[in-house]
Amino acid sequence: MNINELLGKHPCSCGRTHACAIAQVHIERGAVSHLKELCENFETVAVAADHNTYAACGEQVCSVLGEKLCSTKIFQPKGLLVPDETSAAELFQSASGADLIVGVGSGVIQDLCKYVSYKMGVPYIIVATAPSMDGYASTGAAMIMNRMKVTYSCHVPMAILADTEVLKNAPLELIQSGFGDILGKYSCLCDWQLSHVVTDEYFCREIFDLTMSMVKQTEVLAKKLLARDEESVKTLMEALVVVGIAMSYAESSRPASGSEHHLSHFFEIVGLICGEPYFLHGIDVAYSAYVTQCLREKMIENGIPKVFPKFCRSKWEKGVKQIYKQAAEGVLELQNGLGWHEQSLEKIYREKEKEITSVLQSAPKSDIILAQLKNVGLDLDAFVKQYGKEKILNAVWYAKDLKDRYSVLWLFGAVSPAAPYSQPQ
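1 is the number of the first residue of the sequence shown in the UniProt record's numbering; add one for each residue after it.
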C-alpha cells in the first residue's frame, strides 16, 4: 500500500478534516538512504539509540549523517530502558543545541525522542529497528512520570524510515509484540464503539474502518511472521504505521488503545513499582485482549443486572493504595478530578442495553483471540504464570483508574458484585 497517500489533510464524512503532518514514510530495503536528503536543511543532528538498536542500525545512520552529527546518545540501562524523567533528562542534555533529533529504535526510543524534541521545539525522525508497536506515526508520547503512565500530546515525526531487512532480523519477541499490538485493536475498537453508545464520545466510522482493515490484513500473517518472512514483516510494519496515522486523524490514541492497553499499562506500572517482571507492551496487549474479551462474553451472558452493586469509595481507595503504593496519589488525583466513580450510569445502561449488547457481540470471541495468540507463538499459560490469577484480577478491577478513558472495564466494574469495591444496595 502507499502510506504516503494517507499523509496530509483529508476531509471526512464524520464532519472533521483529518490530518497527519508526517512528511515521508519509507518502509523498504535501504530506507536509511533517504536520511541524507531529509537532513539537507539541518546543520546539527543528534542521534539517540540504545546499545541494541545502535548495533542494528545506528552506525549506518551516523555514517549517513556525516559532519552534521553533533551528538550520539546510546542508552545502556541495566534492565529495560524506561521512558521516565531520568532518561528524558539525559537526552535533553545530549541533544542540546541540535536542530534535529534522529531516533534509532522502536517504542521507548521513539517516545523519548518525540517527547524531548517537542519540548525542545525541534523536529525528529525515527529510524525504526523493529515492527514492535503502533506509536511511530502518532502524536502521543507514552512516558512514565512520577511512576504514572502519562501520554503526552506532542508532534508526529518528520519522517519514518524502516529498513525491512533490519525489521525482519529484530528479536522475535519484538515481532510478536507488534502483532499483539495489532491484535489488540479488536478490543479497543469495540471499546470505542461502546463509549460512543454509553458516553456519546466522538466516533468516526472511516477511522474505525481504516484501523480494522489493518487488523484484517495482519492477522493472517502470524506463522509467516514467526518465520521472519520479509514481505510479511513489511506488511506488519505498514499496519503499525497506518494505525498511528489513524491516531493522528482522531487526535487521540482512541482508535488504538482501550481496555487491553489499560491492563498492559497496569502490569508495567505495578511491575516497575514492585520490581516484578512484565512482558513487552504488545505481548501484554495481546494477552490482555483475550482477558477483556472474556469480560465481554461474561457481560453478554449475564446481561445488565436488575440491581446494581453500590460503589464503596473507602474500599476502592484502600485497594488503590495497596496496589499502586507510591503511585497511588497520582491515581487518586486523576480519578477524583474526573469524578466518574460518583457518576451512576445505571439509567443509561438500562436504556441502551440492546445497543450495548450489540456492540459487545461485535468483537471476535475469546477462542478466536486465543487461536491467534497460539499462531504467533504466545502461550496463555505463560501469561498466567508470569502474573498469577490475583494480579490479573486486580488489573481487571483497577487498571481503568490509570486513564481517563471509558472502556468495558468501567462497565464490568459497575455491574459486577465481585468487584472488591462493591457492596450490596
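All C-beta atoms, glycine included, are put in the ideal place defined by N, C-alpha and C.
Asked: Helix, strand or coil for Asp99? Go by DSSP, reduced to three states.; Found: coil
Asked: Please classify Gly337: is it buried, with 16 or more other beta-carbons within 10 angstroms of its beta-carbon, or exposed?; Found: exposed
Asked: Among the residues of its own chain, which have a CB less than 8 Å from the CB of His341, if the five just before and after it don't count?; Found: Phe311, Arg313, Trp316, Gln335
Asked: Spatial neighbours of Ser177 within its chain, please: C-beta separation below 7 Å, excluding the five flanking residues on both sides.; Found: Ser132, Met133, Leu280, His281, Gly282, Ile283
Asked: How would you call Val220, buried or exposed, if buried means at least 16 neighbouring beta carbons within 10 angstroms?; Found: exposed
Asked: Measure the Cβ-Cβ separation of Thr292 and Val408 and say whether it is below 8 Å.; Found: yes
Asked: Whole angstroms are fine: how far does the CA of Ile182 sit from the CA of Ile369?; Found: 12 Å
Asked: Could you pull out every unbroken alpha helix (DSSP H) segment of at least 4 residues lying fully inside the segment 319-400, listed in chain order?; Found: 328-338, 346-351, 353-361, 366-375, 380-398
Asked: Just how far apart, CA to CA, sit Val320 and Leu332?; Found: 8 Å
Asked: Can you tell me the Cα-Cα spacing of residue 432 and Ala95, whole angstroms?; Found: Nothing can be reported for residue 432: it is not among the residues displayed for the chain, which extend from 1 to 425.
Asked: Check whether the Cβ atoms of Val285 and Ser253 sit closer than 8 Å, and answer yes or no.; Found: no
Asked: Check each candidate in Val150, Leu6, Arg16 and name the one with the smallest Cα separation from Gln24.; Found: Leu6
Asked: With DSSP run on the structure shown, which of helix, strand or coil describes Ser253?; Found: coil
Asked: Would you tell me roughly how many angstroms separate the C-alpha atoms of Val233 and Val61, rounded to the nearest one?; Found: 21 Å
Asked: What did DSSP end up calling Ile74 once you bin it into helix, strand or coil?; Found: strand
Asked: Drop a sphere of 10 angstroms on the beta-carbon of Gly30, count the other beta-carbons inside from all chains shown, and report buried for 16 or more, exposed for fewer.; Found: exposed
Asked: Using only alpha-carbon positions, find the residue among Glu238, Gly8, Tyr186, Phe266 that is nearest to Leu402.; Found: Phe266
Asked: Helix, strand or coil: how does DSSP classify Lys310 here?; Found: strand
Asked: Would the segment 71-78 and the segment 46-57 be scored as touching if the rule is three or more Cβ pairs under 8 Å?; Found: yes
Asked: Please give the ranges of any alpha helix (DSSP H) in the segment 80-148, keeping only runs that are unbroken, at least 4 residues long and fully inside the region.; Found: 85-95, 107-120
Asked: Quick one, which of Leu172, Tyr249, Glu390, Gly388 has its alpha-carbon nearest Asp229's?; Found: Leu172
Asked: Nearest-angstrom Cα distance between Ala414 and Pro309?; Found: 7 Å
Asked: Measuring only the C-alpha atoms, how far is Leu272 from Pro11?; Found: 42 Å
Asked: Nearest to Ser416 by CA position, among Ser138, Asn4, Ser344, Asn302, is which residue?; Found: Asn302
Asked: Look at the alpha carbon of Val116 and the alpha carbon of Leu81, and state the distance between them as a whole number of angstroms.; Found: 16 Å
Asked: Run through DSSP, which three-state label would residue 452 get?; Found: Limits of the chain in this structure are 1 at one end and 425 at the other, which puts residue 452 out of reach.
Asked: DSSP three-state label for Leu221, please.; Found: coil
Asked: How many Å lie between Val241 and Phe42 at the Cα?; Found: 25 Å
Asked: Over what stretch of residues does the beta strand (DSSP E) that includes Lys9 continue unbroken?; Found: 8-11
Asked: Report the residue from Arg16, Met143, Gly339, Thr44 whose alpha carbon sits nearest the alpha carbon of Ile101.; Found: Thr44
Asked: Over what stretch of residues does the beta strand (DSSP E) that includes Asp50 continue unbroken?; Found: 45-50
Asked: Does the segment 119-132 touch the segment 378-388, meaning 3 or more C-beta pairs lie closer than 8 Å?; Found: no
Asked: DSSP three-state label for Gln425, please.; Found: coil
Asked: CB of Gly103 to nearest heavy atom of the ligand GTP: below 7 Å?; Found: The ligand GTP is not part of this structure, which contains no ligands at all.
Asked: So, at 8 Å on beta carbons, what are the nonlocal neighbours of Gln425 in its own chain, with the 5 sequence-adjacent residues on each side left out?; Found: Val307, Phe308, Pro309, Lys310
Asked: Express the C-alpha separation of Lys68 and Glu90 in angstroms, rounding to a whole number.; Found: 21 Å
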